[in-house]
Amino acid sequence: MRPSLSRGAFRLLIVSLAATLAAACSATTPPADEPAGETAAADAAFPVTIPTEFGDITVEKRPAKVVALGWSDAETAFALGVQPVGAADWLAFGGDGLGPWVQGEYRKPPAILGTLEVKLESLAALEPDLILDTRASGKKERYDQLAELGVPVIGPPKGGQAYRTSWDEQLDMIGKALGKSQEAAKLKADLEAKFAKAAQDNPSFKGTEVAVGARTGDSYGAYVSGGRLDFLEKLGFVVSPKIMALAGKDFSVPVSKERMDLFDSDLTIMFPIAGNGKQIADDPLFKAVPSVKAGRSLVLNDRDVATAFSSTSVTGLSYALDKVVPLLADAMKK
Amino acid sequence: MSTDAPAQVPAQTAPRSRPGAALSAGIVVLAGAVVVAAGLSLVVGAKPLPWDTVLEALRHYDANDPDHLIVFELRVPRTLIGLLAGAALGLAGTLIQGVTRNPLADPGILGVNAGAALAVVFGISVLGISSFTGYVWFSFAGAAVAAAVVYAIGSLGREGATPVKIALAGAALTAALESMTTAILLTDSLTYEEFRFWRVGSLAGRDGAALVQAAPFLLVAVVLAIGCGRMLNALAIGDDLARAWGLNVAVARGICALAVVVLCGTATALAGPIVFVGLTVPHIARRITGPDHRWILPYSMLIAPLLLLVADMLGRVVVRPGELQAGIVTAVLGAPVFVAMIRRGKQAGL
Chain A
12 MRPSLSRGAF
22 RLLIVSLAAT
32 LAAACSATTP
42 PADEPAGETA
52 AADAAFPVTI
62 PTEFGDITVE
72 KRPAKVVALG
82 WSDAETAFAL
92 GVQPVGAADW
102 LAFGGDGLGP
112 WVQGEYRKPP
122 AILGTLEVKL
132 ESLAALEPDL
142 ILDTRASGKK
152 ERYDQLAELG
162 VPVIGPPKGG
172 QAYRTSWDEQ
182 LDMIGKALGK
192 SQEAAKLKAD
202 LEAKFAKAAQ
212 DNPSFKGTEV
222 AVGARTGDSY
232 GAYVSGGRLD
242 FLEKLGFVVS
252 PKIMALAGKD
262 FSVPVSKERM
272 DLFDSDLTIM
282 FPIAGNGKQI
292 ADDPLFKAVP
302 SVKAGRSLVL
312 NDRDVATAFS
322 STSVTGLSYA
332 LDKVVPLLAD
342 AMKK
Chain B
716 MSTDAPAQVP
726 AQTAPRSRPG
736 AALSAGIVVL
746 AGAVVVAAGL
756 SLVVGAKPLP
766 WDTVLEALRH
776 YDANDPDHLI
786 VFELRVPRTL
796 IGLLAGAALG
806 LAGTLIQGVT
816 RNPLADPGIL
826 GVNAGAALAV
836 VFGISVLGIS
846 SFTGYVWFSF
856 AGAAVAAAVV
866 YAIGSLGREG
876 ATPVKIALAG
886 AALTAALESM
896 TTAILLTDSL
906 TYEEFRFWRV
916 GSLAGRDGAA
926 LVQAAPFLLV
936 AVVLAIGCGR
946 MLNALAIGDD
956 LARAWGLNVA
966 VARGICALAV
976 VVLCGTATAL
986 AGPIVFVGLT
996 VPHIARRITG
1006 PDHRWILPYS
1016 MLIAPLLLLV
1026 ADMLGRVVVR
1036 PGELQAGIVT
1046 AVLGAPVFVA
1056 MIRRGKQAGL
């Protein structure tokens, strides 16, 4: 249900009250600790202007209190050596909201501020000087709500609605906003090199057709675009033309259980949703798909690996690469 | 009769029943149509299979042939579920409309579906039930408790359980139960995932074991429901006249309610809540048979599965290579048909 007008007004009031209070309190506290080793030269990075879906946003000076609300924004900032004071736990990791593959720990765990609906009161109380929201719904209302705090909000890149921001776009934008472009470029180059090496070490991947699907509840869908396919394509795989012929404007197309033959390919990969991998493996109709029958299939049942794909973050994908490449290589041997 | 006339119409002004021979012939024709639809339901699908492949699968089942798997694992169970759930919904709708003397009554009105849904959600969320065999029992229990509570609330006061009071109690309880269901779903995303698929009525992907468990209940309830025809005829002329006619009104309503609970609970557990079938089918049946419930009941029992199977078959072919759930198709098809019937104002009196 949409909040009524009066509820919205009430919320606004609370937000501004909280902001005032927070400002009053923080005036007496010492300034937030800057990460060690920052030089004056690095601050030549500011001011920086970043083009987003909602216009060019300028960050005037190095932010000290970053809130990261977009999908995997906090993890990306963390990988760049900046610890957000507020974060959103999109993949329900719990705790500090970082994936289990992330090295290192927060000095002070961030406040978890909610995903689809941001806890604006808590957000205002953190008194951030930068809000990251680079992978999000891309809806104007969400941006307007966040922009009300009067600090720069880095929304999705142009055309990046509906969580479509790619891992490198995210890394690039966050790197710029945090004055960590060099670090971002290095992380990106490292991951690209890791992909290239995996592709090189496994020449059998090149040109191999894959059919990639998921099962939610009792129905199957086939992926026709998105991070999972990008990942496989970087390794040299080609998405089955039979499936690409069905592509519409969504990430995936629904596939009736009667048409499981569409998943027949050189290699068939299934992503269970909500841990239903056993249901897939036990489904007689899945087992009857010729490629599955021949053993050329992979059901990615490991929850960490599945969420690493879902994170589509530079760190998550690096972890997925470590875990999945050997599994892919195994499946290809059959 | 026009729609704004009172529901209690003296029996002599209602349309006359057709002669028994014609109606019996109609039953035979309908039964034939159901058999044809069931046959087609084995042949029509997201994947086109030729007749002889289907026959081959039925005669010499080969678990290694993917086409045989489609027939056996998918089409046979969903056809059986369509037949059973359809018959149950058709009968339940007729019973409810007869008992409440409300031509717009459906299992939703008595709070029966809402009760079943809440019990299922409770089962998934709190007790971790995830198989459809588990749902059946929760669905029964929820439907029965909801119906009992509605009947008890509706019976308060001097006049006893009047149709209006029952309908009001049902609507109120439905609202309360639905908000409780929503409350559980909002706080538990995993349950929501499970429930989402059960919630949209569908004949596909349901558990064959649930079918076996539900069958004996359905059999008893169908016999009970068909036997209710005379009681419904008596109730239709009003409680006082029915009493004068020698009917124990409370007992009659109780028997009908019992049949409704078992029919709705089973159909809902098997296929999820499927809308408009229970509401629309009795009206179609009534237009053919006239007001005699002894005919309306068997006609509804045959028309409903026919409708449900056709809806399911449409759902399999309209969005290839995906499928549309039967519950969505019945809503899309049923709503305009129902509105048209109401607007023409030709539905027979109860």
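Read top to bottom, the protein sequences are chains A and B.
Residue numbers are given in our numbering: position 265 of the first sequence equals residue 276, and the series is strictly consecutive.
Residue numbers are given in our numbering: position 319 of the second sequence equals residue 1034, and the series is strictly consecutive.
Don't be surprised by glycine CBs; every beta carbon is placed ideally from N, CA and C.
What residue range is occupied by the uninterrupted alpha helix (DSSP H) comprising residue i?
i, result
"B/Leu745", "735-758"
"B/Met1016", "1008-1033"
"A/Glu244", "238-245"
"B/Ala974", "964-986"
"B/Asp821", "Premise fails: B/Asp821 is in no alpha helix (DSSP H) and is neither H nor E."
"A/Phe274", "A/Phe274 -> no alpha helix (DSSP H), and no H or E assigned at all."
"B/Thr877", "Segment: none, B/Thr877 is in no alpha helix (DSSP H) and carries neither H nor E."
"A/Leu338", "325-344"
"B/His998", "992-1004"
"B/Pro763", "First-last for B/Pro763: undefined, no H or E at that position."
"A/Arg175", "Neither: A/Arg175 is in no alpha helix (DSSP H) and is coded neither H nor E."
"A/Lys151", "151-158"
"B/Gly944", "944-951"
"A/Gly288", "288-293"
"B/Asp780", "Neither: B/Asp780 is in no alpha helix (DSSP H) and is coded neither H nor E."
"A/Ser321", "314-322"
"A/Lys169", "A/Lys169 -> no alpha helix (DSSP H), and no H or E assigned at all."
"A/Leu137", "Premise fails: A/Leu137 is in no alpha helix (DSSP H) and is neither H nor E."
Under the DSSP definition of a beta bridge, which residues are partnered with residue i?
i, result
"A/Thr69", "A/Thr60"
"A/Pro265", "A/Gly232"
"A/Leu222", "The sequence as given places Ala at residue 222 of chain A; Leu does not occur at that position. Partner(s): A/Thr279."
"A/Gly97", "A/Val78, A/Ala122"
"A/Ser308", "A/Thr279"
"A/Thr227", "A/Ser230"
"A/Val164", "A/Ile142"
"A/Val7", "Chain A is shown only over 12 to 345; residue 7 of chain A falls outside these bounds and no answer can be derived."
Determine the extent of the beta strand (DSSP E) in which residue i is found, giving its start and end residues.
i, result
"A/Gly186", "Looking at the DSSP string, A/Gly186 is not in any beta strand (DSSP E); the run it does join, the alpha helix (DSSP H), is 178-188."
"A/Met383", "Summary: the structure shown does not reach residue 383 of chain A, with chain A confined to residues 12 through 345, and so no result is reported for it."
Is it true that the CB of residue j sits closer than 8 angstroms to the CB of residue i?
i, j, result
"B/Leu939", "B/Ile970", "yes"
"A/Leu137", "A/Gly97", "yes"
"A/Lys205", "A/Leu332", "yes"
"A/Arg270", "B/Lys762", "yes"
"B/Ala957", "B/Ala949", "yes"
"A/Leu143", "A/Ile165", "yes"
"B/Thr1124", "B/Pro997", "Outside the shown range of chain B, which is 716 to 1065, sits residue 1124 of chain B, and nothing can be said about it."
"A/Leu131", "A/Val162", "no"
"B/Ala985", "B/Ile796", "Correcting the residue identity first, residue 985 of chain B is Leu in this sequence and not Ala. Yes. Within cutoff."
"A/Ala342", "B/Pro781", "no"
"B/Ala800", "B/Ala982", "yes"
"A/Arg307", "A/Lys334", "no"
"B/Gly805", "B/Leu947", "no"
"A/Gly232", "A/Ser263", "yes"
"A/Thr69", "A/Gln181", "no"
"A/Gly111", "A/Asp313", "According to the sequence as given, residue 111 of chain A is Pro; it is not Gly. No, the Cβ-Cβ distance between A/Pro111 and A/Asp313 is not below 8 angstroms."
"A/Ala195", "A/Leu109", "no"
"A/Tyr5", "A/Arg153", "In the structure displayed, chain A extends from 12 to 345; residue 5 of chain A sits before or after that span and is not available."
"A/Ser384", "B/Glu1038", "Past the boundaries of the shown model lies residue 384 of chain A; chain A is included only from 12 to 345, so the question cannot be answered."
Counting beta carbon pairs with one atom in the stretch 69-84 of chain A and one in the stretch 204-220 of chain A, are three or more of them shorter than 8 angstroms?
no
Assess, as a yes-or-no matter, whether the stretch 1032-1046 of chain B is touched by the stretch 956-973 of chain B under the definition of 3 or more beta carbon pairs within less than 8 angstroms.
no
Check whether the stretch 869-878 of chain B and the stretch 827-839 of chain B touch, using three or more Cβ-Cβ pairs below 8 angstroms as the test.
no
Touch check for the stretch 888-897 of chain B and the stretch 809-829 of chain B: three-plus C-beta pairs under 8 angstroms?
yes
When the Cβ atoms of the stretch 761-772 of chain B are set against those of the stretch 982-997 of chain B, are three or more pairs found closer than 8 angstroms?
no
Taking contact to mean 3 or more Cβ pairs, one atom from each stretch, closer than 8 angstroms, check whether the stretch 273-288 of chain A and the stretch 214-226 of chain A are in contact.
yes
Every unbroken alpha helix (DSSP H) inside the stretch 784-867 of chain B [4 residues or more]
791-815, 827-840
Examine the Cβ distances between the stretch 166-176 of chain A and the stretch 53-69 of chain A and report whether three or more of them are shorter than 8 angstroms.
yes
Counting Cβ pairs, one atom from each stretch, are 3 or more of them under 8 angstroms apart for the stretch 249-267 of chain A and the stretch 185-205 of chain A?
no
Determine, using beta-carbon pairs with one atom in the stretch 81-91 of chain A and one in the stretch 183-195 of chain A, whether at least three such pairs fall under 8 angstroms.
yes
Is the stretch 780-791 of chain B in contact with the stretch 977-984 of chain B, if contact means three or more CB pairs nearer than 8 angstroms?
no
The stretch 228-242 of chain A / the stretch 319-329 of chain A touching (three or more Cβ pairs under 8 angstroms):
yes
The stretch 750-761 of chain B in contact with the stretch 791-805 of chain B per 3-pair CB rule at 8 angstroms:
yes
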